[in-house]
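Asker:
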Amino acid sequence: MYIIAKLTKKRILETVLNNKSLIVITGPTASGKTSLSLKLAKKLNCDIISADSRQFYREMNIGTAKPTKKELDAVNHHFINNISIFDDYDVGMYKKEVEAFLENYFKNNNHIIITGGTGLYIEALIEGLNEFPDVEKDIIKNLEKIYSDKGIEALQDKLKKIDPDYFSKVDKNNHHRLIRAISVFEQSGIPYSAFLKKDKNKIKYKSINILLELPRKELYDRINTRVDEMILNGLEKEAKELFPHRNLKALNTVGYKELFKYFEGEITLEEAISLIKRNTRRYAKRQMTWFNNRGTWSKFSPFDFEGILAFVNKSLKPEVA
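Printed below as a string of structure tokens:
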């Protein structure tokens, strides 16, 4: 009888957790995620979590296309303006903080919207993350000095020797990823690739995954228009205020780094604006490649609100264990 009772309690818990849902709305930049999420949140009476890694930063507003104050006041938003550009923050910290928030939120609510276009952060919530050891800052600083003094080839040679498996797959020109992999090995003595082979710590709630799509020309036109609006709304002034801190990792961001070149006299303002548009279009293309190659998505036009609402309502129907 005790075993049966224990199994029944476990079954009930699984049913409760299965009926707590993450409504994930993603897509390329300028595809209408914010407006759709707001409309859906009002209809479903739920909160919104941002999964846009640049909207976390308090100092970056216009260039990150944050929701307006009116939009933020209309629906409870979380993980927007939660950190500073001077803070150390990564996807692992984000996942832990979101999980802690959801633990409390789901005591009184059954669903929440997660919206944004940062694929790695969305994947962390849906699929989980590989567990890695914490790395001492001195190890990272030493590797950054090697990169600064000897160039990326020194990092490539180092990683190739200690972890040829990961070296064969990694973007060899991305020094951040090379440093990350080497630092994990130097901290633990275990190759980075070995950690990748372990099971991910998946989140315990079901997710309803929606990918917004637009014809390429329409998306690119929206991007160009939005950049023009950002300039009119004061992006140049915002970037100027952040210019003294331009070497921070958070500010290596489309919309800011191009204007920094303008402030340094390398290009004209017109060239900077043109580069922002081009780089944003390229970023959107990379986003779509990411989402099309990873995960399972139900694809919709951002203008098909009724279709999305019907799909979400159907998906939210309780599952019986």
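Sequential numbering of the sequence shown, starting at 57, is according to the working numbering.
For every residue, glycine included, the Cβ atom is placed at its ideal position computed from N, Cα and C.
Predicted model, so just to flag it, every value in this text is computed and none were measured.
For Thr82, which of helix, strand or coil comes out of DSSP?
Answerer: Locating residue 82 in the sequence shown gives position 26, where the first residue counts as 1. Correct three-state label for Thr82: strand.
Asker: Taking three-plus beta-carbon pairs below 8 Å as touching, is the region 272 to 287 in contact with the region 97 to 107?
Answerer: With the cut-off at 8 Å, the region 272 to 287 and the region 97 to 107 do not touch.
Asker: Given a threshold of 16 other Cβ atoms within 10 Å of its Cβ, counted over all protein chains shown, does Ala366 qualify as buried or as exposed?
Answerer: Position 310 of the sequence shown holds residue 366. Under this definition Ala366 is an exposed residue.
Asker: What is the DSSP secondary structure of Ala345, reduced to helix, strand or coil?
Answerer: Walking along the sequence shown from the start, residue 345 turns up at place 289. Here residue 345 is Thr; the residue named in the question, Ala, does not match the sequence. Three-state result, Thr345: helix.
Asker: Just the C-alpha distance for Thr120 and Arg110, rounded to the nearest angstrom, thanks.
Answerer: Along the sequence shown, read from residue 1 onward, the residue named residue 120 stands at position 64. Along the sequence shown, read from residue 1 onward, the residue named residue 110 stands at position 54. When only Cα atoms are considered, Thr120 and Arg110 end up about 6 Å apart.
Asker: Keeping to the same chain, check which residues put their C-beta closer than 8 Å to that of Lys66; ignore five residues upstream and five downstream.
Answerer: Translated into positions along the sequence shown, residue 66 becomes position 10. Per-residue confidence for Lys66 stands at a pLDDT of 45, beneath the threshold of 50, marking its modelled position as unreliable; no derived number is given.
Asker: Can you grab the Cα-Cα spacing for the pair Asn165 / Lys197, in whole Å?
Answerer: Locating residue 165 in the sequence shown gives position 109, where the first residue counts as 1. Locating residue 197 in the sequence shown gives position 141, where the first residue counts as 1. If you take the alpha carbons of Asn165 and Lys197, they lie about 43 Å apart.
Asker: Using the three-state DSSP reduction, which class does Asn289 fall into: helix, strand or coil?
Answerer: The residue you call residue 289 lines up with position 233 of the sequence shown. Correct three-state label for Asn289: coil.
Asker: Check whether the region 306 to 313 touches the region 331 to 347, counting contact only when three or more Cβ pairs, one atom from each stretch, lie closer than 8 Å.
Answerer: yes
Asker: Val262 by DSSP, collapsed to three states: which one?
Answerer: Numbered from 1 along the sequence shown, position 206 holds the residue referred to as residue 262. It is Lys, not Val, that sits at residue 262 in the sequence shown. Lys262: strand per DSSP, three-state reduction.
Asker: State buried or exposed for Ser93, treating a residue as buried only when at least 16 other CB atoms are found within 10 Å of its CB.
Answerer: If you number the sequence shown from 1, residue 93 lands on position 37. Looking at its Cβ environment, which holds 16 or more other Cβ atoms inside 10 Å, Ser93 is buried.
Asker: So, is Thr85 buried or exposed, given that buried needs 16 or more other C-beta atoms within 10 angstroms?
Answerer: Taking the sequence shown and counting its residues from 1, one reaches residue 85 at position 29. In the assembly as shown, Thr85 is a buried residue. Its beta-carbon has 16 or more other beta-carbons within 10 Å.
Asker: With a threshold of 16 other CB atoms inside 10 Å of the CB of Met286, please say whether the residue is buried or exposed.
Answerer: Here residue 286 refers to the residue found at position 230 when the sequence shown is read from its first residue. Met286 is buried by the Cβ-count criterion.
Asker: How should Ser224 be labelled, buried or exposed, when 16 other C-beta atoms within 10 angstroms of its C-beta is the threshold for buried?
Answerer: By one-based count along the sequence shown, residue 224 stands at place 168. Residue burial is scored here from C-beta neighbours: Ser224 has fewer than 16 other C-beta atoms within 10 angstroms and is therefore classed as exposed.
Asker: Quick check: is any heavy atom of the ligand GTP less than 7 Å from the C-beta of Lys254?
Answerer: The model depicted lacks the ligand GTP and carries no ligand whatsoever.
Asker: Span of the beta strand (DSSP E) holding Thr171?
Answerer: Taking the first residue of the sequence shown as 1, we reach residue 171 at position 115. Unbroken beta strand (DSSP E) run through Thr171: His167 to Thr171.
Asker: Less than 8 Å between C-beta atoms, sequence neighbours within five positions excluded: which residues of the same chain meet that for Phe361?
Answerer: Along the sequence shown, read from residue 1 onward, the residue named residue 361 stands at position 305. Cβ neighbours of Phe361 beyond the five flanking positions: Leu92, Lys95 and Leu96.
Asker: Would you list the residues sitting across from His134 in a DSSP beta bridge?
Answerer: The sequence position of residue 134 within the sequence shown is 78, counting from 1. Paired residue(s): Ile105.
Asker: Any contact of the region 180 to 187 with the region 147 to 158, i.e. 3+ C-beta pairs under 8 Å?
Answerer: Between the region 180 to 187 and the region 147 to 158 there are three or more inter-stretch CB-CB distances shorter than 8 Å, so the stretches are counted as touching.
Asker: Is it buried or exposed, His133, if we count other Cβ atoms within 10 angstroms and call 16 or more buried?
Answerer: Start at 1 with the first residue of the sequence shown, and residue 133 comes out as number 77. It is buried - the Cβ of His133 has at least 16 other Cβ atoms within 10 Å.
Asker: Please work out which residues of its chain come closer than 6 Å, Cβ to Cβ, to Arg114, disregarding the five sequence neighbours upstream and downstream, and give them in chain order.
Answerer: On the sequence shown, position 58 is the one that residue 114 refers to. Once the five neighbours on either side are set aside, the close Cβ partners of Arg114 are Asn137 and Ser140.
Asker: With DSSP as the reference, identify every bridge partner of Asn257, one or two as the case may be.
Answerer: Numbered from its first residue, the sequence shown carries residue 257 at position 201. The partner list for Asn257 (beta bridge, DSSP) reads Leu185.
Asker: Hey, quick one: how far does the beta strand (DSSP E) through Ser224 stretch, first residue to last?
Answerer: For the purposes of this step, residue 224 is identified with residue 168 of the sequence shown, where counting begins at 1. Where Ser224 is concerned, there is no enclosing beta strand (DSSP E), given that its DSSP letter is neither H nor E.
Asker: Using a Cβ-Cβ cutoff of less than 8 Å, which residues in the same chain neighbour Ala210 once the five nearest sequence positions on both sides are dropped?
Answerer: To locate residue 210, count along the sequence shown from 1; it is residue 154. Excluding residues within five positions, the ones whose Cβ falls inside 8 Å are Ile202 and Tyr203.
Asker: By how many angstroms is the C-alpha of Ile235 removed from the C-alpha of Glu320?
Answerer: Along the sequence shown, one-based indexing puts residue 320 at 264. Along the sequence shown, one-based indexing puts residue 235 at 179. Those two C-alpha atoms are separated by around 28 Å.
Asker: Could you give the distance in angstroms between the alpha-carbon of Lys193 and the alpha-carbon of Val240?
Answerer: Within the sequence shown, numbered from 1, the residue matching residue 193 stands at position 137. Within the sequence shown, numbered from 1, the residue matching residue 240 stands at position 184. In this structure, the CA atom of Lys193 is about 11 Å from the CA atom of Val240.
Asker: Hey, out of Pro123, Ile169 and Asp144, whose CA is closest to Leu78's CA?
Answerer: In the sequence shown, counting from the first residue as 1, residue 78 sits at position 22. Looking at the Cα atoms, Ile169 is the closest of the given residues.
Asker: Could you check if Ser354 is buried or exposed, using at least 16 other CB atoms within 10 Å of its CB as the buried criterion?
Answerer: In the sequence shown, the residue the question calls residue 354 occupies position 298. Per the 10 Å Cβ criterion, exposed.
Asker: Can you give me the C-alpha to C-alpha distance between Val283 and Pro247, rounded to a whole angstrom?
Answerer: If you number the sequence shown from 1, residue 283 lands on position 227. If you number the sequence shown from 1, residue 247 lands on position 191. Approximately 42 Å, taken between the alpha carbons.
Asker: Once the 5 residues before and after Asp219 are set aside, which same chain residues still bring their CB inside 7 Å of it?
Answerer: As a working note, residue 219 is residue 163 in the sequence shown. Hits under 7 Å: Ala237, Phe241, Pro247, Tyr248 and Ser249.
Asker: Quick one: what does DSSP say Ile68 is sitting in, helix, strand or coil?
Answerer: Looking up residue 68 in the sequence shown gives position 12. With a pLDDT of 41 at Ile68, under the threshold of 50, the predicted position of this residue should be treated as unreliable, and no value is reported.
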